[in-house]
Amino acid sequence: MEKARPLWANPLQFVFACISYAVGLGNVWRFPYLCQMYGGGSFLVPYVIMLIVEGMPLLYLELAVGQRMRQGSIGAWRTISPYLGGVGLASVVVSFFLSTYYNIINAWAFWYLFHSFQEPLPWAVCPLNDNRTGYDEECEKASSTQYFWYRKTLNISPSIQDSGRVQWEPALCLILAWLVVYLCILRGTETTGKVVYFTALLPYCVLIVYLVRGLTLHGAINGLVYMFTPKLEQLANPKAWINAATQIFFSLGLGFGSLIAFASYNEPSNNCQKHAVIVSLINSSTSIFASIVTFSIYGFKATFNYESCLDKVILLLTNSFDLEDGFLTASNLEQVKGYLASAFPDKYSEVLPQMKNCSLQSELATAVQGTGLSFIVYTEAIKNMEVSQLWSVLYFFMLLMLGIGSMLGNTAAILTPLTDSKVISSHLPKEAISGLVCLVNCVIGLVFTMESGNYWFDIFNDYAATLSLLLIVLVETVAVCYVYGLRRFEGDLKAMTGCTLSWYWKAMWAGVSPLLIVSLFLFYLSDYILTGTLQYQAWDAAQGQLVTKDYPPYALAVIGLLVAASIMCIPLVALGTFVRRCLKRGDTPPVA
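Just so you know, we're using the numbering used here here: the sequence shown kicks off at 123 and counts up by one.
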């Protein structure tokens, strides 16, 4: 007798699972960067439009497919058409790639969390040099936060060609991160359904605490004004619209198969349309909310750096021109500089090369995303806060909750098709299947703990999913609307939920969303392939900064394989199905 499919204990568990999966690190470290790059408040215009024409419709589509077919991604698309099994397989491959490298972020968060209990914070000051006569030269050229990230956390090599060894401390943190994930997915929805309450809600608690603290910091208002001051000229910038669409697409986690997997454990009568709208709005609202928190921190950091810069200039001029202490202040600095330049031109010209150009706007305009925002910019702000250990613990605990929540969805996209397979599930219990998936991912993930690991992390992060996901979701929408049939699917939804599908959803699925995905696909294809040599940022210890280098041929080959490994699943499975059906009928497949 066939076992009954596991179900969420209640609809709230399902919503929390989707929120925990969709609301992730991208909301905290990419959306603020895009606001900074593309016009502050004016970026919200393309962002909201893309949410309406792309985000909500595609999220609803995947949730509806999972709930209707009641299978993981492979089985769901194979049910729609035997030739579409490769779409689900491509989703599993992309999710496997993502899980392999994504959990190293949780490992880094554990590493920083453990170091957050030290007094002072280890990234707050530069270490002494070998002779103990001063601070480390590399750290002084960079900064204490950059030094701790690149030298102590990553122990980064000068290039991707210098692989180096596995770093045992990050490796232990990675094993711990995978152990936590395994415990969360051990018994499927039974354990995941309880964990998502914490991974979904606790980040909001920390963000609220950080918001209160951020708004009380000196200079926070400067960051908020910078964020909400619209630069309307950016509305005419195509990249602003493209990045808004991309952010919506990836922050909701479309195409990975995770949403289909989660929805497959719903009751057939569940109102997935309502949940799609709720999850979409919460995800986007969280991005804006997290940006307010981030820009208040930005403002504090920028103001602190700006005022520190002014203090150094004041001290330099006071000592160089024997001025009275307190005579030169930030308010009269420019006036006094003008006087000194005209009264003592020779001496002023000697001092000028040592004088830094202090600009609050330049500090605010420094755009950083990804690991640079989380592990350098935020840590630099935290080290200057009172009771910095407390804020550091809260921040990295929040990162862990966000990262683990996303990992639950990533692993569900892999595990659900495996546990749905009668061949595999008949031989192994789901606890063993979960353990094997975590073990394989963990072993492969050790590559990212090597001295060159951060370069490989960037390759996987940039190229393992982008083009593949766009193609996957494009095929999904075409399959539902033109293979399975939009009217047939509309009838299924009405039978499940009792709701009639409105013209809005049909128009988005049948035309607007696919055209938008094609546009995004063409943009990324031209950006990745037609713009020239692919490059990466390498750490130069001598200069204490990042330098641009070209990827070696074997790295380019890996990039090609990452893209092809998932995309080729779609035509190869379709071709295999066609050949198998021909052979079963006794026909000979036509030769091209």
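Where is the CB? At the ideal position from N, CA and C, for every residue including glycine. Just so we're clear, the structure is a prediction, and the values are computed from it rather than from any experiment.
Name the residue from 669, 415, 264 and 392 whose alpha carbon lies nearest to the alpha carbon of residue 187. 392
Is the number of C-beta pairs between the segment 456 to 474 and the segment 434 to 442 that are closer than 8 angstroms three or more? yes
4-residue-minimum alpha helix (DSSP H) runs that sit fully inside the segment 360 to 408, ordered along the chain: 360 to 373 and 380 to 385
N-terminal and C-terminal residue of the alpha helix (DSSP H) that residue 661 is part of: From DSSP, residue 661 is part of no alpha helix (DSSP H) but of the beta strand (DSSP E) over 657 to 662.
Distance between residue 127 and residue 221 (C-alpha atoms, nearest Å): 25 angstroms
Indicate whether residue 556 and residue 196 have their beta-carbon atoms separated by less than 7 angstroms. no
Selected residue, minimal CA-CA separation from residue 574, among 595, 278 and 610: 278
Quick check on DSSP: helix, strand or coil for residue 493? helix
Applying the 10 Å Cβ sphere with the 16-neighbour rule, what's the burial state of residue 486? buried
Just to confirm before moving on: does the CB-CB distance between residue 275 and residue 502 stay below 7 angstroms? no
Selected residue, minimal CA-CA separation from residue 643, among 604, 630, 612 and 592: 592
In this structure, how does DSSP classify residue 351 when only helix, strand and coil are distinguished? coil
Kindly list the residues whose CB is nearer than 6 angstroms to the CB of residue 459, restricted to its own chain and excluding five residues on each side of it in sequence; keep chain order. none
Under the three-state reduction of DSSP, which class applies to residue 622: helix, strand or coil? coil
Taking only the alpha-carbon atoms, compute the straight-line gap between residue 538 and residue 194 and give it to the nearest angstrom. 5 angstroms
In chain order, what residues of the same chain lie with their CB nearer than 6 angstroms to the CB of residue 227, ignoring the 5 residues before and after it? 525
What are the partner residues of residue 671, as DSSP defines its beta bridges? 658
Within the segment 536 to 568, note down every full alpha helix (DSSP H) run reaching 4 residues or more, in order along the chain. 544 to 547 and 552 to 567
Determine the direct distance from the alpha carbon of residue 646 to that of residue 361, and round the result to whole angstroms. 11 angstroms
Which one of 365, 259, 165 and 225 has the shortest CA to CA distance from residue 348? 165
Counting pairs of Cβ atoms below 8 angstroms between the segment 318 to 328 and the segment 134 to 142, do you hit three or more? yes
Would you tell me roughly how many angstroms separate the C-alpha atoms of residue 664 and residue 264, rounded to the nearest one? 10 angstroms
How close, in whole Å, do the beta carbons of residue 527 and residue 422 come, if the pair is a contact with beta carbons under 8 angstroms? No, residue 527 and residue 422 are not in contact; Cβ-Cβ is about 27 angstroms, not under 8 angstroms.
Straight-line CA distance for residue 201 to residue 544? 16 angstroms
I'd like the span of the alpha helix (DSSP H) that includes residue 199, first residue to last. 195 to 202
Inter-residue Cα distance where the pair is residue 258 and residue 245: 13 angstroms
Residue 172 - containing alpha helix (DSSP H), residue span: 166 to 172
Applying the criterion that 16 or more other CB atoms from any shown protein chain within 10 Å of the CB defines a buried residue, is residue 123 buried or exposed? Reliability fails at residue 123, whose pLDDT of 39 lies under 50, so the model's placement of it is uncertain and the value that follows must be treated cautiously. Label assigned to residue 123: exposed.
Rounded C-alpha distance that separates residue 694 from residue 208: 7 angstroms
So, with DSSP's three-state summary, where would you put residue 288? strand
DSSP state of residue 572 mapped onto helix, strand, coil: strand
Using only alpha-carbon positions, find the residue among 157, 378, 299 and 675 that is nearest to residue 534. 378
Rounded to the nearest angstrom, what separates residue 358 and residue 247 at their Cα positions? 44 angstroms
Residue of 382, 397 and 331 minimising C-alpha distance to residue 214: 382
How far does the alpha helix (DSSP H) with residue 707 in it reach, from first residue to last? 691 to 707
Among 658, 145, 689 and 140, whose alpha-carbon lies nearest the alpha-carbon of residue 410? 145
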